[in-house]
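J.:
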Amino acid sequence: MKFTRIATNLMLPAMLMFLSAEATAFNPESLKLLKTDIPGWNTMRSSSPERVMDLYKADLEDAELNRANLSGTILVRADLSGARLDEANLSGSNLAMSFIQKADLKGADLAGSWLNKANLKSSYMVEASLRRSSLAGANLRWARLREADLMDANLTNAILFETDFTNANLRGANLQGATFLPNAILQGATLSAGTILPSGEPADRGWCMRRGARFDQNHTTSHNSIQAPPVELPEETTVLTAPSAETGVSSAGKREQELLRDDVAAWNRLRSSRPEMTVTMKKETLEKTSLRGADLKKAVLSGSNFAGAMLDTADLTGADLRNADFRKADMKRTCLKEANLQKANFDRAFLKNADLSGANLSGAMLYGATLSGANLNGATLEGASLFDADLSGADLSGANLKGANIMDADFSGATFSPSTTLPSGKAATRAWAVMNRATLAP
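Below, the structure is given as structure tokens:
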């Protein structure tokens, strides 16, 4: 859904240019101000507190954001890895599927924020407020939440391996389906009769005593669902053209390549009218380009750069995409059926419900990629890196995962079959599927 930002006069000239519905996912001037002038950013926010700031997919890795006012901000899929956010105000912000590994969030206010599927691995969140925040499916492995306030927070299906909850407030928190809670540190943490354990049962005094935690008999909660912050996401991103590389071109010449960048609908009409046209665009620069719904069937695009590109619903059936770069690309419902994706880089790409059936992903990098609901039936993932990837609900029937790195991968609700080859080289078994919260089809 598209939305329009209404321009108003601000105190800071740097913020006079705002986005329309057709503009980029965020205003570069806004991002620049945030990265270089926190006092100026905070003054701008104070002057227009009603404005919803859009930092969707913003690159804020290692940014200095201490005490920044980011309340109510769209930070969906933003990269905040290694950022310094001590005492920052992120209350009511939408941080779904964001990357916040090894970030400093000491004393940060995240009350009422939406952190579903966020990656908070090794983040430092001592004394942070996460009251009534939603962390469903979030990765909190090795996160430090000592003395943090998680009252009534939603932690369903969160990953809690060695998460440090020392002296944290977990009254009324919902931990149903959370994994590795027995490996978490709960010394001095306070749970209550309203705290829901991973089993779905309420916490009790005996359970708390066995783990060195405290029990509050009096606190209860209704466990009403926590609503996502009222923020809207842009439907598409702008076409950001880049100079064409001098690459091997068959029937699709330089003019046609420019057409692909500038007008996908016209490109698709061209391909429809010239079905014999071959497309060879090796090592093409298509970074951050909008290719939503593009017809690229059987195209030769090996070594091309699609980093940050919009490829939702694009058709890349049978395409040659060896060594292509898809880092942080949007590829929802993209068709990559039987595509050659050997050693392609899908670092943190969004491939929800994508069709990768029969695709060759040997040696591909899928670190932190979202593949929930994806069709990987018969796909070759031999030697691929699926570290921290989200494969929940994916179809891996007959897939070959021999030698793949699946550490921290989420297979909950995924489907395997007896013909699926596991990283060990052995066939998938029901016991292995159950252990990984997946199912084994007949």
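The sequence shown maps to residues -25 to -1, 1 to 417 in mature numbering (1 follows the signal peptide of the UniProt record, and there is no 0).
Beta carbons are placed, not taken as given, at the ideal position from N, Cα and C, and that holds for glycine.
All values derive from a computational prediction rather than experimental measurement.
(1) Rounded C-beta distance between G333 and K312? I'm assuming under 8 Å.
(2) Suppose only complete runs of 4+ residues qualify. What are the alpha helix (DSSP H) ranges in the segment 389 to 414, listed by chain order?
(3) Where L8 and A402 are concerned, what is the direct C-alpha to C-alpha distance, given to the nearest angstrom?
(4) Could you check where the beta strand (DSSP E) with T165 kicks off and where it finishes?
(5) Please return the same chain residues whose Cβ sits closer than 8 Å to the Cβ of I160, not counting the five positions on each side in sequence.
(6) Hey, quick one: how far does the alpha helix (DSSP H) through R20 stretch, first residue to last?
(7) Among the residues of its own chain, which have a CB less than 6 Å from the CB of R180, if the five just before and after it don't count?
(8) Compute the Euclidean distance between the alpha carbons of T345 and L316, then round it to the nearest angstrom.
(9) My output table needs one value for S248: the three-state DSSP class, helix, strand or coil.
(10) Between A153 and P173, which are expected to be in contact by the criterion C-beta below 8 Å, what is the C-beta distance as a whole number of angstroms?
(11) Cα separation between G82 and D61?
(12) Would you kindly report the start and end of the unbroken beta strand (DSSP E) that includes R189?
(13) Which whole runs of the alpha helix (DSSP H) in the segment 294 to 327 are 4 residues long or more, in chain order?
(14) Just verifying my parser: in three-state terms, what is the DSSP assignment at W182?
(15) Whole angstroms are fine: how far does the CA of R107 sit from the CA of A123?
(16) Please classify Q76 as buried or exposed, where buried requires at least 16 neighbouring CB atoms within 10 angstroms.
(17) If P177 and A164 are in contact, beta carbons under 8 Å, what's the gap, nearest whole angstrom?
(18) Do you know whose CA, among A53, S367, S360, M340, lies nearest N350's CA?
(19) Curious, which full-length alpha helix (DSSP H) runs of at least 4 residues does the segment 353 to 393 contain?
(20) Does the ligand FAD have a heavy atom nearer than 6 Å to the CB of S66?
(21) Flag this pair as yes or no: are the beta carbons of A374 and A389 separated by less than 7 Å?
(22) Tell me whether W89 sits in a helix, a strand or coil according to DSSP, three-state version.
(23) From the DSSP secondary-structure annotation, give me the bridge partner or partners of Y99.
(24) In the segment 122 to 148, which residue ranges form an unbroken beta strand (DSSP E) of at least 3 residues, counting only runs that do not cross its ends?
(25) Starting from M256, follow its DSSP beta bridges and name the residues at the other end.
(26) For R106, which three-state DSSP category applies?
(27) Could you name the residues of the same chain whose beta carbon sits closer than 6 Å to that of M28, not counting the 5 residues immediately before and after it, in chain order?
(28) Near T131, what residues of its chain come up, given a Cβ to Cβ distance below 6 Å and the 5 sequence neighbours on each side ignored?
(29) Under 7 Å between the Cβ atoms of L40 and A58?
(30) Assign L40 to one of three DSSP states: helix, strand, or coil.
(31) Who are the Cβ neighbours of N298 in its own chain at under 7 Å, not counting the five residues just before and after it?
(32) Looking at the strands, I want to know which residues DSSP matches up with R59.
(33) If I'm right that R302 touches A324 with Cβ under 8 Å, what's the distance once you round it to whole angstroms?
(34) Straight-line CA distance for N380 to D363?
T.: Straight from the coordinates:
(1) Between G333 and K312 a beta carbon distance of about 6 Å is seen, short of the 8 Å cut, so the two are scored as contacting.
(2) If you keep only unbroken alpha helix (DSSP H) runs of at least 4 residues inside the segment 389 to 414, you get 405 to 410.
(3) Inter-residue distance for L8 and A402 is about 53 Å (C-alpha atoms, whole angstroms).
(4) Element bounds for T165: 165 to 167.
(5) If the five residues before and after I160 are omitted, its C-beta is found closer than 8 Å to the C-beta atoms of E137, T138, D139, F140, T141, all from its own chain and listed in chain order.
(6) Segment 13 to 22, the alpha helix (DSSP H) holding R20.
(7) Closer than 6 Å at Cβ, skipping near neighbours: F190.
(8) Going from the Cα of T345 to the Cα of L316 covers about 16 Å.
(9) Shown here, S248 sits in a helix according to DSSP, grouped into three states.
(10) About 5 Å separates the beta carbons of A153 and P173, which is inside the 8 Å limit, making them a contact pair.
(11) Rounded to the nearest angstrom, the two C-alpha atoms are 6 Å apart.
(12) In this chain, the beta strand (DSSP E) harbouring R189 covers 189 to 191.
(13) As far as the segment 294 to 327 is concerned, it has no whole alpha helix (DSSP H) run of at least 4 residues.
(14) Helix at W182.
(15) Roughly 12 Å between the two C-alpha positions.
(16) Result: buried.
(17) Not a contact, Cβ separation roughly 16 Å.
(18) Of all alpha-carbon atoms in A53, S367, S360, M340, the one lying nearest the alpha-carbon of N350 is that of S367.
(19) Counting only runs of 4 or more, we get nothing.
(20) Judged by which ligands are present, the structure shown has none, so any question about the ligand FAD falls away.
(21) Against a cut-off of 7 Å, the Cβ pair of A389 and A374 comes out as no contact.
(22) Shown here, W89 sits in a strand according to DSSP, grouped into three states.
(23) The partner list for Y99 (beta bridge, DSSP) reads D79, R119.
(24) Counting whole runs of 3 or more residues, the segment 122 to 148 contains no beta strand (DSSP E) stretch at all.
(25) Residue pairing of M256 in beta bridges, as defined by DSSP: absent, with no partner found.
(26) In this structure, R106 counts as coil in the three-state DSSP scheme.
(27) Closer than 6 Å at Cβ, skipping near neighbours: T48.
(28) Answer for T131: A111, N149, Q151, G152, listed in chain order.
(29) With respect to the 7 Å criterion, L40 and A58 are classified as neighbours on the basis of their beta carbons.
(30) Correct three-state label for L40: coil.
(31) Excluding residues within five positions, the ones whose Cβ falls inside 7 Å are S277, G278, K318, A319.
(32) Answer by DSSP bridge pairing, in chain order: E39, D79.
(33) The beta-carbon separation of R302 and A324, rounded to 7 Å, stays under the 8 Å limit for a contact.
(34) Taking the CA atoms as reference points, N380 sits about 9 Å from D363.
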